[in-house]
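*Asks:* Residue numbers (our numbering): 45 to 307.
Okay, here's the structure, questions in a sec.
Here it is as structure tokens:
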């Protein structure tokens, strides 16, 4: 069984061979990035353009920093820069100097991905008739790197893209399921709710207003509270020693008032 170290060593040796030593797109030396879906090696600058294409066209990996599987290594061994360029140049819609976006979103790039997948799985790829075109739906299905683990003949393709990030479709919530799970209040439940709150209101009206709700008094809403009890000692004009503790200044003033009234 191949270990991670063996896979990484074989990948680095593959990168040093023949045309793989140069970027497949711009020709820069010692490329450190690769496309698993295309089986090609390219430089750092071109890797950014490949990432912009999306994983359905070019699944980008670093040959030194990322973890590689044996299936991904096999796809690189079946491909390579020289084989990819030779196939591109044999196609009628290929033109020298094409941009990365135009090159890898073309029909001949789709054909190359199909051919590479067939070789990795031990199948014979048959080229479509000259002049034939793929519909957008068929083109996406033919070149998409989505795992197809349910089908035995696509086992290699499934493993090659095992680390592929999820597509936007898998992150989209099922709105119909969310809607069907929402609770629906019927007319009967609504009537029971109204009766319940009406009963609470009637019970509240029978409570005393001079007590707080925590002591069985009437609840009158937020921001409202029952009037505090009247201090009978103060209203009667009598002196209460507790007034000195609660408010010394007011007690002193009241004492002077008592003296004035006595005089």
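The C-beta atom is built at its ideal place from N, Cα and C for all residues, glycine as well.
Since the model is a prediction, treat every value here as computed from it, not as a measurement.
With DSSP as the reference, identify every bridge partner of residue 86, one or two as the case may be.
*Replies:* On the chain shown, residue 86 is found 42 positions in, with the first residue counted as 1. Residue 86 is bridged to 77.
*Asks:* Look at the Cβ atom of residue 138, then the Cβ atom of residue 101, and state whether they are nearer than 8 Å.
*Replies:* Along the chain shown, read from residue 1 onward, the residue named residue 138 stands at position 94. Along the chain shown, read from residue 1 onward, the residue named residue 101 stands at position 57. Against a cut-off of 8 Å, the Cβ pair of residue 101 and residue 138 comes out as no contact.
*Asks:* Let me check one thing: in DSSP terms, what residues is residue 105 bridge-paired to?
*Replies:* Here residue 105 refers to the residue found at position 61 of the chain shown. 78, per the DSSP bridge assignment.
*Asks:* Compare the Cα-Cα distances from residue 50 to each of 63, 232, 108 and report the closest residue.
*Replies:* On the chain shown, residue 50 is found 6 positions in, with the first residue counted as 1. When each option's Cα is compared against that of residue 50, the closest is 108.
*Asks:* So residue 262 packs on residue 251, CB below 8 Å; how close in whole Å?
*Replies:* Start at 1 with the first residue of the chain shown, and residue 262 comes out as number 218. Start at 1 with the first residue of the chain shown, and residue 251 comes out as number 207. With 8 Å as the limit, residue 262 and residue 251 qualify as a contact, their Cβ atoms being about 4 Å apart.
*Asks:* Skipping 5 residues on each side, what residues in its chain have a beta carbon closer than 7 Å to that of residue 55?
*Replies:* Residue mapping note: residue 55 aligns to position 11 of the chain shown, counting from 1. Taken in chain order, the residues that qualify are 107, 112, 117, 120.
*Asks:* Should residue 232 be labelled buried (16 or more other beta-carbon atoms within 10 Å of its own) or exposed?
*Replies:* One-based indexing of the chain shown puts residue 232 at position 188. Flag for residue 232 reads exposed.
*Asks:* What does DSSP give as the partner residues of residue 261 in its beta bridges?
*Replies:* Position 217 of the chain shown holds residue 261. Answer is 252.
*Asks:* Is it the case that the Cβ atoms of residue 90 and residue 144 are separated by a distance below 8 Å?
*Replies:* Within the chain shown, numbered from 1, the residue matching residue 90 stands at position 46. Within the chain shown, numbered from 1, the residue matching residue 144 stands at position 100. Contact flag set, yes.
*Asks:* Please work out which residues of its chain come closer than 6 Å, Cβ to Cβ, to residue 78, disregarding the five sequence neighbours upstream and downstream, and give them in chain order.
*Replies:* As a position in the chain shown, residue 78 is number 34, starting the count at 1. Excluding its 5 nearest sequence neighbours in each direction, residue 78 has C-beta neighbours in its own chain below 6 Å: 85, 105, 107, listed in chain order.
*Asks:* Comparing C-alpha positions only, which one of 114, 66, 92, 60 sits nearest to residue 48?
*Replies:* The residue given as residue 48 occupies position 4 in the chain shown. Nearest option by C-alpha distance: 114.
*Asks:* Residue 296 to residue 246, Cα distance in whole Å?
*Replies:* Stepping through the chain shown from its first residue, residue 296 is reached at position 252. Stepping through the chain shown from its first residue, residue 246 is reached at position 202. Cα to Cα, residue 296 sits roughly 48 Å from residue 246.
*Asks:* Just to confirm, is the Cβ distance from residue 132 to residue 152 under 8 Å?
*Replies:* Taking the chain shown and counting its residues from 1, the one referred to as residue 132 is at position 88. Taking the chain shown and counting its residues from 1, the one referred to as residue 152 is at position 108. It is a contact, given that the beta carbons lie within the stated cut-off.
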